[in-house]
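First the structure, in the form of structure tokens, and then the observations on it.
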Amino acid sequence: MKIPVGILGATGSVGQKFIELLKDHPWFEIKALAASERSAGKTYAEAVNWFMTTPVPDAIAGMSVSACEPGLPCKIVFSGLDSSVAGPIEKAFAEAGYIVVSNSRNHRMDEDVPLLVPEINAGHLEMVKKQKYGKGFIVTNPNCSTIGLVMALKPLYNAFGIEALHVVTMQALSGAGYPGVPSVDILDNVVPYISGEEEKMQIEPLKILGNLQNGKVEFANMKISAQCNRVHVSDGHLESVSVKLGKKAAKNELIEAWNNFSGEPQNLKLPMAPEQAVQYFNEPNYPQPRLHRMLGKGMTVSVGRLQECPLLDFKFNVLSHNTIRGAAGGAILNAELLYKKGYLDG
Numbered sequence: 001m002k003i004p005v006g007i008l009g010a011t012g013s014v015g016q017k018f019i020e021l022l023k024d025h026p027w028f029e030i031k032a033l034a035a036s037e038r039s040a041g042k043t044y045a046e047a048v049n050w051f052m053t054t055p056v057p058d059a060i061a062g063m064s065v066s067a068c069e070p071g072l073p074c075k076i077v078f079s080g081l082d083s084s085v086a087g088p089i090e091k092a093f094a095e096a097g098y099i100v101v102s103n104s105r106n107h108r109m110d111e112d113v114p115l116l117v118p119e120i121n122a123g124h125l126e127m128v129k130k131q132k133y134g135k136g137f138i139v140t141n142p143n144c145s146t147i148g149l150v151m152a153l154k155p156l157y158n159a160f161g162i163e164a165l166h167v168v169t170m171q172a173l174s175g176a177g178y179p180g181v182p183s184v185d186i187l188d189n190v191v192p193y194i195s196g197e198e199e200k201m202q203i204e205p206l207k208i209l210g211n212l213q214n215g216k217v218e219f220a221n222m223k224i225s226a227q228c229n230r231v232h233v234s235d236g237h238l239e240s241v242s243v244k245l246g247k248k249a250a251k252n253e254l255i256e257a258w259n260n261f262s263g264e265p266q267n268l269k270l271p272m273a274p275e276q277a278v279q280y281f282n283e284p285n286y287p288q289p290r291l292h293r294m295l296g297k298g299m300t301v302s303v304g305r306l307q308e309c310p311l312l313d314f315k316f317n318v319l320s321h322n323t324i325r326g327a328a329g330g331a332i333l334n335a336e337l338l339y340k341k342g343y344l345d346g
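Right, here's the structure in full:
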């Protein structure tokens, strides 16, 4: 029997991606949809402005949309809520005994909440035992641009250490949600500002790569400088990264570290886990969003253009699918890890 799950913010862009990815999931079954008061009481087909490239699943279209309040017939809720409302709603669900797997930013930096990327810091799940919600708890995934970055950094961090890095992002339109960036702003243009994005990229990796000590994370000791840009691409965040390593390394050692990298999702063969977590390309013009964003069903992170850096040590490009690996798919992978690690049993 599949585990019943609910989706908070089900009519939004992340909520729709949750539905698309969960519709045939081998472990989870959507039993509840929740959204704003204006959608509550309607069928999902009536409430949603669906803009995924696949049709609304038949089993979902006729489901009734509930308000975002505890009482949903499920144990796990996936939150795709806007950050303007997510904080107290997620807290209320956790206090009511639900397991909240959140894509929203509100609780990411709470000291007792895991900021989880399962290939990197699966051990941080222990933090939920320190939460004060009784049988419920909250687990978050990072910002979409952070996830691609840390997936590329972790193999290098393990092998060589990292002292400092500079990252410049070229972020897809889908990262802005719906209706997103006005066409008059983005056509024939690049917008060199995304509110709050640079701050997230400069702090979140330190928590993700940090060590868990006595139930709290000791942040990684490195300096990060980030500059974020919105570009006219539908899906896929491309990032140009320069790093200063903790010790000297050769180019082939970095490539080997990336291509050999795997973690708990691969060991446990979780359904959303890509067989290859990080893939390096030797071609001089790779990776590219249109060509590589769907590798590993959107869960593989692509790396390329590794070069020596005249300012730091090395520079390279990273590509990740921002709405799959960077949002709904990453959150589903978190829930799969929770299940296999026994965190749903209590």
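Per the numbering used here, the very first residue in the sequence shown carries number 1; after that it's consecutive. We put the beta carbon where it would ideally sit given N, CA and C, even for glycine.
query	result
Straight-line gap, residue 210 to residue 217 (C-alpha atoms, nearest Å)	6 Å
Residue range of the alpha helix (DSSP H) that includes residue 1	Per DSSP, residue 1 belongs to no alpha helix (DSSP H) and is neither H nor E.
From 52, 172 and 214, residue whose alpha carbon lies closest to that of residue 127	214
According to DSSP, residues forming a beta bridge with residue 317	240 and 304
Residues bridged to residue 230 [DSSP beta-bridge criterion]	171 and 191
Residue 35: first and last residue of the uninterrupted beta strand (DSSP E) it sits in	28-35
For residue 216, the first and last residue of its enclosing beta strand (DSSP E)	216-218
Proximal residues to residue 339 (C-beta, below 8 Å), its chain only, five neighbours per side dropped	3 and 27
Alpha-carbon spacing of residue 226 relative to residue 81, whole angstroms	25 Å
Beta-carbon contacts of residue 159 that lie in its chain and below 6 Å, excluding the five residues immediately before and after	257
Spatial neighbours of residue 261 in its chain, beta-carbon cut-off 6 Å, leaving aside the 5 residues before and after	155, 277 and 278
Inter-residue CB distance, residue 63 and residue 33 (contact presumed, cutoff 8 Å)	5 Å
Local conformation of residue 327 per DSSP, three classes	helix
CB of residue 113 within 9 Å of CB of residue 77, strictly	no
For residue 185 and residue 105, the rounded distance between their alpha carbons	25 Å
Endpoints, the beta strand (DSSP E) within which residue 212 is located	211-213
For residue 223, the three-state DSSP class (helix, strand or coil)	strand
Cα-Cα separation between residue 316 and residue 97, rounded to whole angstroms	44 Å
Burial state of residue 307, where buried means 16 or more other Cβ atoms lie within 10 Å	exposed
Separation of residue 182 from residue 144, as counted between CA atoms	21 Å
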